[in-house]
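Data first, discussion second: the structure below is written as structure tokens.
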Amino acid sequence: MDLFEEIKALKKKQNAIILAHYYQEPDIQDVADFIGDSLALSKKAANVDADVILFAGVHFMAETAKILDPTKKVIVPDLDAGCSLADSCPADRFGEFVRSHPDHIVVSYINCTAEVKALSNIICTSSNAEKIIASIPDDEKIIFAPDKNLGAYLVKQTGRDMVLWDGTCVVHELFSEKKMLQLKVEHPNAKVIAHPECEDRVLQHADFIGSTSALLKFVEDDFSSTFIVATEVGIIHQMEKQTLNKKYIPAPPDNDCACNECPHMKKNTLEKVRDALRTLKPEVDVPCELRERALAPIQKMLEL
Ligand code: 13P
Ligand code: SF4
């Protein structure tokens, strides 16, 4: 049996559903039951009609799914698929930071651990961050964590002066402004689209800035035929699938490595998806007491 057929049969046998982020390798996206950005995946995870969720993404995403529905068994292809943003914000240090700003509302980007979520008042994703910030009364002070680039972008967009945690994404901080400008000269009609996790020096050249799903919608609706894409390259697979005769050029990183691929997301492979479905391992679990504290700020986001 080929891998695709084997995975299909295992999904049926285990009554499992595969949720995948747009940054997963194309084969995993093609075998998934649902593909989305962080917000869409959280909403989906809260309403899954299956016994098992195989989360093809990174650890904080699977953890969020478990927090939202602890009755489901949540498994991942590779337990080591983490996230540099989540790693940049250890809960003990963040707890001290929060305590040193006692009169602040804590808004955390969903790319953080359950412990950090539990220290937060409300969670946001790149799809809804502006809306979440706008929901906080003007006279309240705000801490935003862990992504300082997204935080700086939100300060600009909302005019709110927030205290930012000093975290970055390894993929989005490495795009080269110089190489991007060269590409713009070579492709004068191309539009630059960028994820708000990118640095400001890259964002200032973008024709459109948005979450992965917003970028996907933009290329579907826009009449341009060429796009320079400043986010993880996995999204280009969906862009190519959902549009005809459009060209996508990955924005180049600062050096010659494949740094526009997320090393964490790319730990997952189709073989590991198959193995996880066979053994129902590795499993992601969240202790009950932590789960309850982390759930409240996620629920607040979903209600908004
Ligand atoms: P979105 O899925 O919200 O666009 O975020 C991208 C990302 O970096 C996920 O890790
Ligand atoms: Fe984390 Fe960046 Fe990878 Fe997203 S792309 S999972 S923010 S390291």
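Residue numbers (the numbering used here): -15 to 288. Cβ coordinates follow ideal geometry from the N, Cα and C atoms, glycine included. Remember, it's a predicted structure, so these values are computed and weren't measured experimentally.
Whole angstroms is fine: what's the gap from residue i's alpha carbon to residue j's?
i: G41; j: M249; result: 6 Å
i: I12; j: E216; result: 15 Å
i: L261; j: P10; result: 19 Å
i: T253; j: T263; result: 16 Å
i: E183; j: L63; result: 29 Å
i: S84; j: A129; result: 14 Å
i: A136; j: K(-4); result: 45 Å
i: K(-8); j: V100; result: 36 Å
i: A0; j: V60; result: 12 Å
i: R144; j: F(-12); result: 48 Å
i: D23; j: C246; result: Residue identity differs from the one stated: residue 23 is Leu in this sequence, not Asp. The straight-line gap from Cα to Cα measures roughly 19 Å.
i: D17; j: A34; result: 12 Å
i: V155; j: E(-10); result: 32 Å
i: L228; j: H221; result: 12 Å
i: R275; j: V32; result: 18 Å
i: A29; j: N239; result: 37 Å
i: Q(-2); j: E255; result: 17 Å
i: A98; j: D123; result: 28 Å
i: Q166; j: K251; result: 31 Å
i: Q283; j: R277; result: 11 Å
Please state the DSSP three-state secondary structure of residue i.
i: G41; result: coil
i: H88; result: strand
i: V60; result: coil
i: A278; result: helix
i: V15; result: helix
i: Y7; result: coil
i: K265; result: coil
i: G143; result: coil
i: C108; result: strand
i: D259; result: helix
i: F289; result: Since the first and last residues shown for the chain are -15 and 288, residue 289 lies out of range.
i: D131; result: strand
i: G290; result: Absent from the structure is residue 290, since the part of the chain shown begins at -15 and ends at 288.
i: G79; result: helix
i: I2; result: strand
i: I220; result: helix
i: A102; result: helix
i: A235; result: coil
i: K230; result: coil
i: V169; result: helix
i: V186; result: helix
Is the CB-CB distance between residue i and residue j below 9 Å?
i: G151; j: K125; result: no
i: S68; j: W149; result: no
i: K20; j: L(-6); result: A small fix is needed here, since residue 20 is Gly in this sequence, not Lys. Cβ atoms of G20 and L(-6): not closer than 9 Å.
i: K50; j: V270; result: yes
i: E114; j: L138; result: yes
i: L52; j: L279; result: yes
i: L199; j: H171; result: no
i: I37; j: V58; result: yes
i: S110; j: E161; result: no
i: E95; j: M285; result: Here residue 95 is Asn; the residue named in the question, Glu, does not match the sequence. Going by C-beta atoms, N95 is not nearer than 9 Å to M285.
i: V268; j: H43; result: yes
i: V147; j: I127; result: yes
i: S305; j: I107; result: In this structure the chain extends from -15 to 288, so residue 305 is not present and cannot be described.
i: E204; j: Q188; result: no
i: C272; j: P54; result: yes
i: S92; j: P237; result: no
What residues in its chain sit with their C-beta under 7 Å from that of residue i, if we drop five residues either side in the sequence?
i: E295; result: Nothing about residue 295 can be read from this structure; the chain reaches only from -15 to 288.
i: A235; result: F159, M164, I212, V213, A214 and N244
i: F202; result: I177, F192 and G194
i: L103; result: A75, F78, G79, V82 and V90
i: I206; result: The sequence shown places Asp at residue 206, rather than the Ile named in the question. Excluding positions up to five away in sequence, the list reads K175.
i: N173; result: S208 and T210
i: V46; result: The sequence as given places Ala at residue 46; Val does not occur at that position. Within the same chain, A46 has close Cβ partners F39, V58, V60 and V268.
i: G66; result: V42, H43 and H248
In chain order, what residues of the same chain lie with their CB nearer than 6 Å to the CB of residue i, ignoring the 5 residues before and after it?
i: S26; result: T48
i: A190; result: V176 and A178
i: E153; result: Here residue 153 turns out to be Cys, not Glu, going by the sequence shown. Around C153: S68, L69 and E181.
i: Q141; result: E114
Skipping 5 residues on each side, what residues in its chain have a beta carbon closer than 8 Å to that of residue i?
i: I219; result: Y6, Y7, T196, L199, L200 and V213
i: P266; result: I59, V60, D62, L63 and A260
i: R185; result: E161
i: V257; result: I(-9), I2, I12, V15, L38, A40 and P61
Kindly examine the ligand ADP and report whether one of its heavy atoms sits closer than 8 Å to the Cβ of residue i.
i: A214; result: You won't find the ligand ADP in this model; what it holds is the ligand 13P and the ligand SF4.
Shell residues, 5 Å Cβ cut-off relative to heavy atoms of the ligand 13P
D21, S22, T109, S110, S195 and T196
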